[in-house]
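**Student:** Quick note: the numbering used here has the sequence shown finishing at residue 216, numbered continuously throughout.
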Amino acid sequence: MNKFIKVTAQTTLAISLLLTATPLTSLSVNATAVEKDMTQQKLSLSTQKRIDPYIAVKNNQYVLSDNATSVVSRDDYIAAKQLIAQANIVIAEKGLVINPQTKTATTALTMSDNSSLYNTNLMRASKKKYHYGVNKVTVHWNYIRIYMDKTLTKNVAAGITGGLSGLIGGAVSGPAAAGAAGAIGGFVGSAVGNSIKGGIWIDYNYYQGVTNWGWQ
1 MNKFIKVTAQ TTLAISLLLT ATPLTSLSVN ATAVEKDMTQ QKLSLSTQKR
51 IDPYIAVKNN QYVLSDNATS VVSRDDYIAA KQLIAQANIV IAEKGLVINP
101 QTKTATTALT MSDNSSLYNT NLMRASKKKY HYGVNKVTVH WNYIRIYMDK
151 TLTKNVAAGI TGGLSGLIGG AVSGPAAAGA AGAIGGFVGS AVGNSIKGGI
201 WIDYNYYQGV TNWGWQ
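Written as C-alpha coordinates, this is what we have:
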(Lines of atoms letter the chains of each structure in order from A and count residues from 1; the text may use other names and numbers.)
(Lines give C-alpha, C1' and ligand atoms only; values in the text may rest on other atoms or scores of the structure.)
Protein backbone atom coordinates (compact mmCIF):
# COMPACT_ATOMS: atom_id res chain seq x y z
CA MET A 1 0.00 0.00 0.00
CA ASN A 2 1.37 3.40 -0.94
CA LYS A 3 2.31 5.69 1.89
CA PHE A 4 0.77 9.02 0.94
CA ILE A 5 2.15 12.21 2.37
CA LYS A 6 0.49 15.54 1.66
CA VAL A 7 2.91 18.45 1.30
CA THR A 8 0.37 21.23 0.85
CA ALA A 9 -3.17 21.00 -0.51
CA GLN A 10 -3.88 18.11 -2.86
CA THR A 11 -3.86 19.05 -6.50
CA THR A 12 -7.12 18.25 -8.32
CA LEU A 13 -8.01 17.79 -11.95
CA ALA A 14 -9.78 20.80 -13.47
CA ILE A 15 -9.77 23.46 -16.18
CA SER A 16 -11.83 26.09 -18.04
CA LEU A 17 -12.50 26.36 -21.78
CA LEU A 18 -13.59 29.29 -23.95
CA LEU A 19 -17.14 30.62 -24.04
CA THR A 20 -18.28 27.44 -25.82
CA ALA A 21 -17.70 23.92 -24.53
CA THR A 22 -15.53 22.78 -27.44
CA PRO A 23 -12.02 21.30 -27.17
CA LEU A 24 -8.97 23.44 -27.76
CA THR A 25 -6.55 21.94 -30.25
CA SER A 26 -2.85 22.39 -30.82
CA LEU A 27 -3.59 24.12 -34.13
CA SER A 28 -5.18 27.13 -32.43
CA VAL A 29 -2.54 27.84 -29.79
CA ASN A 30 0.60 29.93 -29.92
CA ALA A 31 3.15 28.59 -27.42
CA THR A 32 4.76 31.98 -26.90
CA ALA A 33 1.41 33.54 -26.04
CA VAL A 34 0.69 30.70 -23.65
CA GLU A 35 4.00 31.22 -21.86
CA LYS A 36 3.39 34.98 -21.57
CA ASP A 37 -0.11 34.56 -20.15
CA MET A 38 1.02 31.93 -17.68
CA THR A 39 3.57 34.32 -16.21
CA GLN A 40 0.96 37.05 -15.85
CA GLN A 41 -1.73 35.11 -13.99
CA LYS A 42 -1.17 32.40 -11.40
CA LEU A 43 -3.80 29.90 -10.34
CA SER A 44 -3.88 28.99 -6.66
CA LEU A 45 -4.59 25.42 -5.64
CA SER A 46 -7.95 26.47 -4.21
CA THR A 47 -8.90 28.05 -7.53
CA GLN A 48 -7.86 24.94 -9.42
CA LYS A 49 -10.01 22.87 -7.07
CA ARG A 50 -13.06 25.06 -7.71
CA ILE A 51 -12.63 24.58 -11.44
CA ASP A 52 -12.40 20.79 -11.10
CA PRO A 53 -16.10 19.87 -11.48
CA TYR A 54 -16.32 21.67 -14.82
CA ILE A 55 -13.78 19.60 -16.73
CA ALA A 56 -14.69 16.87 -19.20
CA VAL A 57 -12.87 14.78 -21.80
CA LYS A 58 -14.06 14.84 -25.41
CA ASN A 59 -12.22 13.50 -28.46
CA ASN A 60 -9.16 12.91 -26.25
CA GLN A 61 -8.92 16.58 -25.28
CA TYR A 62 -9.68 18.40 -22.04
CA VAL A 63 -12.92 20.38 -22.39
CA LEU A 64 -14.35 22.80 -19.84
CA SER A 65 -17.80 24.20 -19.46
CA ASP A 66 -18.31 27.96 -19.62
CA ASN A 67 -20.17 27.54 -16.33
CA ALA A 68 -16.77 27.62 -14.64
CA THR A 69 -17.00 31.40 -14.85
CA SER A 70 -19.59 31.23 -12.09
CA VAL A 71 -17.02 30.07 -9.54
CA VAL A 72 -13.80 31.83 -10.60
CA SER A 73 -12.84 35.29 -11.79
CA ARG A 74 -12.50 36.19 -15.45
CA ASP A 75 -8.71 36.44 -15.10
CA ASP A 76 -8.50 32.99 -13.53
CA TYR A 77 -10.79 31.67 -16.25
CA ILE A 78 -8.49 32.99 -18.97
CA ALA A 79 -5.37 31.66 -17.21
CA ALA A 80 -6.95 28.22 -16.92
CA LYS A 81 -7.91 28.36 -20.59
CA GLN A 82 -4.29 28.94 -21.55
CA LEU A 83 -3.08 26.09 -19.38
CA ILE A 84 -5.57 23.60 -20.81
CA ALA A 85 -4.48 24.65 -24.28
CA GLN A 86 -0.89 23.82 -23.41
CA ALA A 87 -1.91 20.49 -21.88
CA ASN A 88 -3.84 19.57 -25.03
CA ILE A 89 -0.80 20.40 -27.14
CA VAL A 90 1.32 18.00 -25.09
CA ILE A 91 -1.30 15.26 -25.34
CA ALA A 92 -1.53 15.64 -29.13
CA GLU A 93 2.22 15.89 -29.73
CA LYS A 94 3.14 12.98 -27.45
CA GLY A 95 0.31 10.73 -28.58
CA LEU A 96 -1.12 10.38 -25.08
CA VAL A 97 -4.56 9.00 -24.22
CA ILE A 98 -6.78 10.59 -21.58
CA ASN A 99 -8.73 8.28 -19.27
CA PRO A 100 -12.19 9.95 -19.08
CA GLN A 101 -12.75 8.67 -15.52
CA THR A 102 -9.46 9.73 -13.94
CA LYS A 103 -8.76 12.57 -16.43
CA THR A 104 -5.16 11.37 -16.49
CA ALA A 105 -3.23 11.27 -19.75
CA THR A 106 -0.69 8.54 -20.34
CA THR A 107 0.53 6.31 -23.16
CA ALA A 108 -1.96 3.95 -24.78
CA LEU A 109 0.12 0.98 -23.64
CA THR A 110 -0.63 1.78 -19.99
CA MET A 111 -4.36 2.34 -20.36
CA SER A 112 -5.23 -1.23 -19.30
CA ASP A 113 -5.08 -0.26 -15.62
CA ASN A 114 -8.57 -1.70 -15.09
CA SER A 115 -7.70 -5.12 -16.44
CA SER A 116 -7.89 -8.20 -14.21
CA LEU A 117 -4.17 -8.84 -14.70
CA TYR A 118 -3.33 -5.33 -13.53
CA ASN A 119 -5.57 -5.64 -10.47
CA THR A 120 -4.08 -9.03 -9.59
CA ASN A 121 -0.55 -7.68 -9.80
CA LEU A 122 -1.57 -4.62 -7.80
CA MET A 123 -2.96 -6.79 -4.98
CA ARG A 124 0.25 -8.78 -4.82
CA ALA A 125 2.43 -5.68 -4.86
CA SER A 126 0.34 -3.93 -2.19
CA LYS A 127 1.43 -6.52 0.36
CA LYS A 128 4.88 -4.91 0.30
CA LYS A 129 5.32 -1.62 2.09
CA TYR A 130 7.98 -0.31 -0.29
CA HIS A 131 8.58 -1.15 -3.93
CA TYR A 132 11.51 -0.66 -6.29
CA GLY A 133 9.13 1.26 -8.52
CA VAL A 134 9.01 2.34 -12.14
CA ASN A 135 9.98 5.40 -14.15
CA LYS A 136 7.10 7.13 -15.93
CA VAL A 137 5.18 10.40 -16.17
CA THR A 138 1.41 10.92 -16.29
CA VAL A 139 -0.04 14.22 -17.47
CA HIS A 140 -2.92 16.21 -15.97
CA TRP A 141 -4.24 19.56 -17.10
CA ASN A 142 -2.54 21.40 -14.25
CA TYR A 143 0.21 19.09 -13.05
CA ILE A 144 2.37 16.11 -13.93
CA ARG A 145 2.96 13.06 -11.75
CA ILE A 146 6.51 11.73 -11.97
CA TYR A 147 7.25 8.17 -10.92
CA MET A 148 10.90 7.43 -10.10
CA ASP A 149 12.28 4.01 -9.27
CA LYS A 150 14.64 3.53 -6.36
CA THR A 151 17.80 3.97 -8.42
CA LEU A 152 16.63 7.18 -10.08
CA THR A 153 15.44 8.52 -6.72
CA LYS A 154 18.89 7.92 -5.23
CA ASN A 155 20.55 9.72 -8.14
CA VAL A 156 18.21 12.71 -7.87
CA ALA A 157 18.75 12.92 -4.10
CA ALA A 158 22.49 13.00 -4.79
CA GLY A 159 22.07 15.92 -7.18
CA ILE A 160 22.28 13.89 -10.40
CA THR A 161 19.18 15.05 -12.29
CA GLY A 162 20.07 14.16 -15.88
CA GLY A 163 17.91 11.03 -15.85
CA LEU A 164 15.01 12.93 -14.33
CA SER A 165 15.27 15.69 -16.94
CA GLY A 166 15.21 13.10 -19.69
CA LEU A 167 12.20 11.36 -18.16
CA ILE A 168 10.20 14.60 -17.92
CA GLY A 169 11.33 15.91 -21.31
CA GLY A 170 10.28 12.68 -22.97
CA ALA A 171 6.75 13.04 -21.66
CA VAL A 172 5.95 16.77 -21.63
CA SER A 173 7.17 19.99 -23.18
CA GLY A 174 6.53 23.70 -23.09
CA PRO A 175 6.80 26.44 -20.46
CA ALA A 176 4.49 24.73 -17.98
CA ALA A 177 7.03 22.01 -17.20
CA ALA A 178 10.11 24.20 -17.46
CA GLY A 179 12.27 23.95 -14.35
CA ALA A 180 10.46 20.88 -13.04
CA ALA A 181 13.58 18.73 -12.76
CA GLY A 182 15.47 21.32 -10.71
CA ALA A 183 12.56 21.91 -8.34
CA ILE A 184 11.93 18.20 -7.87
CA GLY A 185 15.64 17.52 -7.37
CA GLY A 186 15.81 20.08 -4.58
CA PHE A 187 12.70 18.70 -2.95
CA VAL A 188 13.86 15.09 -3.04
CA GLY A 189 17.22 16.03 -1.57
CA SER A 190 15.62 17.81 1.38
CA ALA A 191 12.47 15.75 1.99
CA VAL A 192 13.71 12.23 1.29
CA GLY A 193 17.44 12.61 1.72
CA ASN A 194 19.36 9.37 2.18
CA SER A 195 16.38 7.49 3.61
CA ILE A 196 15.36 5.95 0.30
CA LYS A 197 13.45 2.73 0.86
CA GLY A 198 11.98 2.40 -2.62
CA GLY A 199 10.67 4.29 -5.60
CA ILE A 200 8.61 7.44 -5.12
CA TRP A 201 6.06 9.53 -7.02
CA ILE A 202 5.83 13.32 -7.00
CA ASP A 203 3.13 15.73 -8.14
CA TYR A 204 4.55 18.84 -9.79
CA ASN A 205 1.96 21.58 -10.26
CA TYR A 206 2.75 23.98 -13.10
CA TYR A 207 1.93 27.00 -10.92
CA GLN A 208 2.76 25.83 -7.39
CA GLY A 209 5.69 23.42 -7.82
CA VAL A 210 5.84 20.22 -5.76
CA THR A 211 2.54 19.64 -3.95
CA ASN A 212 2.38 15.92 -3.08
CA TRP A 213 4.57 12.84 -2.94
CA GLY A 214 4.56 9.28 -1.70
CA TRP A 215 6.21 5.88 -1.96
CA GLN A 216 5.41 3.66 -4.90
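Where is the CB? At the ideal position from N, CA and C, for every residue including glycine.
Being a predicted model, the structure only gives us computed values, none of them experimental.
Only counting the same chain, and skipping five residues up and downstream in sequence, which positions put a Cβ closer than 6 Å to that of Val71?
**Tutor:** Arg50
**Student:** Going by the beta-carbon positions, is the gap between Ala158 and Val192 smaller than 7 Å?
**Tutor:** no
**Student:** Cα separation between Pro53 and Tyr206?
**Tutor:** 19 Å
**Student:** Can you tell which of Ile55, Val137, Gly166, Leu164 has the C-alpha that lies nearest to the C-alpha of Asn67?
**Tutor:** Ile55
**Student:** Suppose the cutoff is 8 Å on Cβ atoms and the five residues either side in sequence are ignored; what does the same chain contact list for Ala183 look like?
**Tutor:** Tyr204, Gly209, Val210
**Student:** Please list, in chain order, all residues of the same chain as Ile196 whose beta carbon is under 8 Å from its beta carbon, the five residues on each side excluded.
**Tutor:** Lys150, Thr153, Lys154, Ala157
**Student:** With distance defined between alpha-carbon atoms, name the residue in Ser46, Asn59, Ile202, Leu43 nearest to Asn135.
**Tutor:** Ile202
**Student:** Buried or exposed: Ile144, going by 16 or more other Cβ atoms within 10 Å of its Cβ?
**Tutor:** buried
**Student:** Tell whether a beta-carbon distance below 7 Å holds between Val137 and Ala171.
**Tutor:** yes
**Student:** So what does DSSP say about Gln61, is it helix, strand or coil?
**Tutor:** Look at Gln61 here: in three-state DSSP terms it is strand.
**Student:** Starting from the Cα of Gly185, find the closest Cα among Ile160, Ser173, Leu167 and give me that residue.
**Tutor:** Ile160
**Student:** Go ahead and label Asp76 buried or exposed: buried means 16 or more other beta carbons lie within 10 angstroms of its beta carbon, across all protein chains shown.
**Tutor:** buried
**Student:** At what residues does the alpha helix (DSSP H) containing Gly166 begin and finish?
**Tutor:** Note, Gly166: alpha helix (DSSP H), 162–169.
**Student:** Between Gly189 and the rest of its own chain, which residues show a CB-CB distance below 6 Å, the 5 nearest in sequence each way excluded?
**Tutor:** Closer than 6 Å at the Cβ level, and outside the excluded window around Gly189, lie Ala157.
**Student:** Where DSSP assigns a beta bridge to Asn99, which residues make up the other side?
**Tutor:** Beta-bridge pairing links Asn99 to Thr104.
**Student:** Alpha carbon to alpha carbon, how far is Ala178 from Ser165? Give it in angstroms, no decimals.
**Tutor:** 10 Å
**Student:** Return yes when the Cβ of Gly133 is within less than 7 Å of the Cβ of Gly214, no when it is not.
**Tutor:** no
**Student:** Which residues does DSSP pair with Ile144 in a beta bridge?
**Tutor:** Per DSSP, Val139, Tyr204.
**Student:** Between His131 and Gln216, is the Cβ-Cβ spacing less than 7 Å?
**Tutor:** Taking 7 Å as the Cβ cut-off, His131 and Gln216 qualify as a contacting pair.
**Student:** Report, in whole angstroms, the separation of the C-beta atoms of Ala105 and Ile84, which I expect to be a contact under 8 Å.
**Tutor:** With a Cβ gap of about 12 Å, Ala105 and Ile84 do not count as contacting.
**Student:** To the nearest angstrom, how far is the alpha carbon of Tyr147 from that of Thr107?
**Tutor:** 14 Å
**Student:** Buried or exposed: where does Ile200 fall if 16 or more other Cβ atoms within 10 Å of its Cβ makes it buried?
**Tutor:** buried
**Student:** Measure the alpha-carbon distance for Gln101 versus Glu93 and round it to whole angstroms.
**Tutor:** 22 Å
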